[in-house]
Amino acid sequence: MHFCFISSISKIIDRYEIQHADELRALDLEEKIQNYLPHKELLETVQSKLEEPNVDNVSVDSLISLEEQLETALSVSRARKAELMMEYIESLKEKEKLLREENQVLASQMGKNTLLATDDERGMFPGSSSGNKIPETLPLLN
Numbered sequence: 001m002h003f004c005f006i007s008s009i010s011k012i013i014d015r016y017e018i019q020h021a022d023e024l025r026a027l028d029l030e031e032k033i034q035n036y037l038p039h040k041e042l043l044e045t046v047q048s049k050l051e052e053p054n055v056d057n058v059s060v061d062s063l064i065s066l067e068e069q070l071e072t073a074l075s076v077s078r079a080r081k082a083e084l085m086m087e088y089i090e091s092l093k094e095k096e097k098l099l100r101e102e103n104q105v106l107a108s109q110m111g112k113n114t115l116l117a118t119d120d121e122r123g124m125f126p127g128s129s130s131g132n133k134i135p136e137t138l139p140l141l142n
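Numbering follows the working numbering, with no gaps: position 68 of the sequence shown is 68.
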């Protein structure tokens with residue numbers, strides 16, 4: 001069940017990456033980011049330009065520029081989110097690996113403890129250890 005869940009998440013992320021790969025390749029994000037405003041300032045600019053009294057004074061070119069900046073900011077945010085999700089999935093995979101290893105160690109310890117307990121029980125009840133087998137005596141005089 002757990003493996004199925006991880007597999008489903010991996011498939012979803014793979015589809016997401018494929019879907020947005022062309023978009024991310026088309027954008028030279030680093031270059032565009034340097035030329036654009038930070039996200040907070042960009043949102044404040046859009047808000048101020050789109051307030052009712054100022055709407056008539058905004059040029060089409062200005063709106064197109066803001067739209068491009070918003071699209072770039074959104075692409076950057078999506079790319080970062082995908083990166084963080086991949087890092088999170090990798091950390092979960094590492095935790096899963098460590099837990100499996102720990103589980104194996106504990107299982108082997110339990111097996112050893114069970115064997116020891118069984119041996120102790122056999123020592124307490126010699127007749128029950130191997131059925132009705134007659135105990136062998138050591139040959140003293142050969």
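Each residue gets a CB set at the ideal place from its N, CA and C atoms; glycine is no exception.
* To do: Could you tell me the boundaries of the alpha helix (DSSP H) in which residue 48 lies?
  => 39–50
* To do: Would you please state the rounded distance, in angstroms, between the beta carbons of residue 12 and residue 89? I believe it to be under 8 Å.
  => Not a contact, Cβ separation roughly 10 Å.
* Asked: Any idea what DSSP makes of residue 58, helix, strand or coil?
  -> Note: residue 58 maps to coil in three-state DSSP.
* Asked: In or out: residue 73 buried (at least 16 other Cβ within 10 Å) or exposed?
  -> buried
* residue 43: which of 60, 59, 71 and 56 sits nearest, CA to CA? -> 71
* If we count the other Cβ atoms within 10 Å of its Cβ and call it buried at 16 or more, is residue 104 buried or exposed? -> exposed
* Asked: Nearest to residue 50 by alpha carbon, out of 38, 39, 95 and 63?
  -> 63
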